[in-house]
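Asker: Taking the UniProt record's numbering, the leading residue of the sequence shown gets 1, the next gets one more, and so forth. Sending over a structure as structure tokens; questions will come in a sec.
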Amino acid sequence: MPSPIAVIDFETTGMTPAQGARATEVAIVLMEGERVVDRFASLMKTGVWIPPFITRLTGITNAMVDAAPAAESVMREAARFVGDAPMVAHNAAFDSRFWQSELRHAGLDAPHPFACTVLLSRRIYPDAPSHSLGRLTDHLGLPRTGRAHRALADAEMAAALLARMQHELCRRFGLDWPDHALLMRLQRCARQSMGRMLLEQRQIANASG
Numbered sequence: 001m002p003s004p005i006a007v008i009d010f011e012t013t014g015m016t017p018a019q020g021a022r023a024t025e026v027a028i029v030l031m032e033g034e035r036v037v038d039r040f041a042s043l044m045k046t047g048v049w050i051p052p053f054i055t056r057l058t059g060i061t062n063a064m065v066d067a068a069p070a071a072e073s074v075m076r077e078a079a080r081f082v083g084d085a086p087m088v089a090h091n092a093a094f095d096s097r098f099w100q101s102e103l104r105h106a107g108l109d110a111p112h113p114f115a116c117t118v119l120l121s122r123r124i125y126p127d128a129p130s131h132s133l134g135r136l137t138d139h140l141g142l143p144r145t146g147r148a149h150r151a152l153a154d155a156e157m158a159a160a161l162l163a164r165m166q167h168e169l170c171r172r173f174g175l176d177w178p179d180h181a182l183l184m185r186l187q188r189c190a191r192q193s194m195g196r197m198l199l200e201q202r203q204i205a206n207a208s209g
């Protein structure tokens, strides 16, 4: 059985915690191989005002987060849900910053490594018309799971995209199910070197098997 991977998405008040932005919603989809085994999602109250353009984008209002649980308690629950699982996000540079920042606000560490489905998709599907989550989902014929820019819908779409890419790697290169460590190596690999690296990975796996 493949080790669990936690696929995460945040909705936020802005682009980066460095500019004072905070999370408004978090969702995590726990995957074992291609199977979703659990989900966690919650709005979260930080006391930071949501600009009108963010509300138009996400549908999340100030009234909704004012009635939500405190961010610190949500993040403690999220950390328990994730446990030691490594993480994946679509545009992980964004979500990893908020994961680390919101856990710090809750007094917790964030040791989890992040793989990025944007970086992976650029290597696996270089000819896709776009590597945005919605456009990739449509391009590959994956299901839309709800309103875009709500955390659980986006986390579920990213999880489906991840599983599709893992299947594609198995099909093209004869790999066993790619684990998180291999995904991390792949996203750092130049696209021209990807095939050689994965064939070497298969040879190593065959030799050790």
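Every residue gets a Cβ at the ideal spot worked out from N, C-alpha and C, and that includes glycine.
Kindly provide the ranges of any alpha helix (DSSP H) runs that are 4 or more residues long and lie completely inside the stretch 43-123, ordered along the chain.
Answerer: Runs found: 52-58, 62-66, 71-82 and 92-105.
Asker: Taking A155 and D9 to be in contact with their CB atoms under 8 Å, please state how far apart those CB atoms are, rounded to whole angstroms.
Answerer: Indeed they touch by this definition, with Cβ atoms about 4 Å apart.
Asker: Can you tell me the Cα-Cα spacing of Q192 and D66, whole angstroms?
Answerer: About 49 Å.
Asker: In whole angstroms, what is the alpha-carbon distance linking E77 and L161?
Answerer: Going from the Cα of E77 to the Cα of L161 covers about 25 Å.
Asker: On the criterion of 16 or more Cβ atoms from any shown chain inside 10 Å, does Q19 qualify as buried, or is it exposed?
Answerer: Counting Cβ neighbours within 10 Å, Q19 comes out exposed, since fewer than 16 surround it.
Asker: When you compare only the Cα positions, how much space is there between A106 and V118?
Answerer: If I take the Cα positions, the gap works out to 28 Å.
Asker: Please work out which residues of its chain come closer than 8 Å, Cβ to Cβ, to W49, disregarding the five sequence neighbours upstream and downstream, and give them in chain order.
Answerer: Cβ within range, chain order: T13 and N62.
Asker: Skipping 5 residues on each side, what residues in its chain have a beta carbon closer than 8 Å to that of R123?
Answerer: Taken in chain order, the residues that qualify are L186, Q187, C189, R191 and M194.
Asker: State yes or no: is the C-beta of A115 within less than 9 Å of the C-beta of S3?
Answerer: No, the pair does not count as a contact, with Cβ atoms beyond the cut-off.
Asker: If distances are taken between C-alpha atoms only, which option among A71, K45, G59 and T16 comes closest to A153?
Answerer: Of A71, K45, G59 and T16, the residue nearest in Cα terms is G59.
Asker: Take the Cβ of P178 as the centre, count every other Cβ of all protein chains shown within 10 Å, and call the residue buried at 16 or more, exposed below.
Answerer: That one is buried.
Asker: Out of F98, L136 and L183, which has the shortest C-alpha to C-alpha gap to T46?
Answerer: Closest option to T46, Cα to Cα, is F98.
Asker: Assuming A41 and A27 are in contact, meaning their beta carbons sit under 8 Å apart, how far apart are those beta carbons, in whole angstroms?
Answerer: Yes, they are in contact, since the Cβ atoms of A41 and A27 sit about 4 Å apart, within 8 Å.
Asker: So, at 8 Å on beta carbons, what are the nonlocal neighbours of E72 in its own chain, with the 5 sequence-adjacent residues on each side left out?
Answerer: Once the five neighbours on either side are set aside, the close Cβ partners of E72 are H105, A106 and G107.
Asker: Can you name the residues that DSSP bridges to L30?
Answerer: According to DSSP, L30 bridges with A6 and D38.
Asker: Along the chain, where does the alpha helix (DSSP H) that runs through L199 open and close?
Answerer: Taken as a continuous stretch (DSSP letters only), the alpha helix (DSSP H) holding L199 covers M194 to S208.
Asker: Shortest alpha-carbon distance to E34 belongs to which of F81, D109 and E168?
Answerer: The shortest Cα separation from E34 among F81, D109 and E168 belongs to E168.
Asker: Which complete alpha helix (DSSP H) runs does the stretch 148-193 hold, if anything under 4 residues is left out?
Answerer: You should have 151-173 and 180-188.
Asker: Looking at P111 and the ligand GDP, is the gap between the Cβ and the nearest heavy atom below 8 Å?
Answerer: Inclusion of the ligand GDP in the displayed structure is not the case, the ligand content being empty and no account of it being possible.
Asker: Rounding to the nearest angstrom, what Cα-Cα distance links H112 and M87 in this structure?
Answerer: The straight-line gap from Cα to Cα measures roughly 6 Å.
Asker: State the Cα-Cα distance for the pair G174 and N91, rounded to the nearest angstrom.
Answerer: One C-alpha to the other measures close to 27 Å.
Asker: What's the C-alpha gap between S208 and A70?
Answerer: Whole-angstrom Cα-Cα distance: 49 Å.
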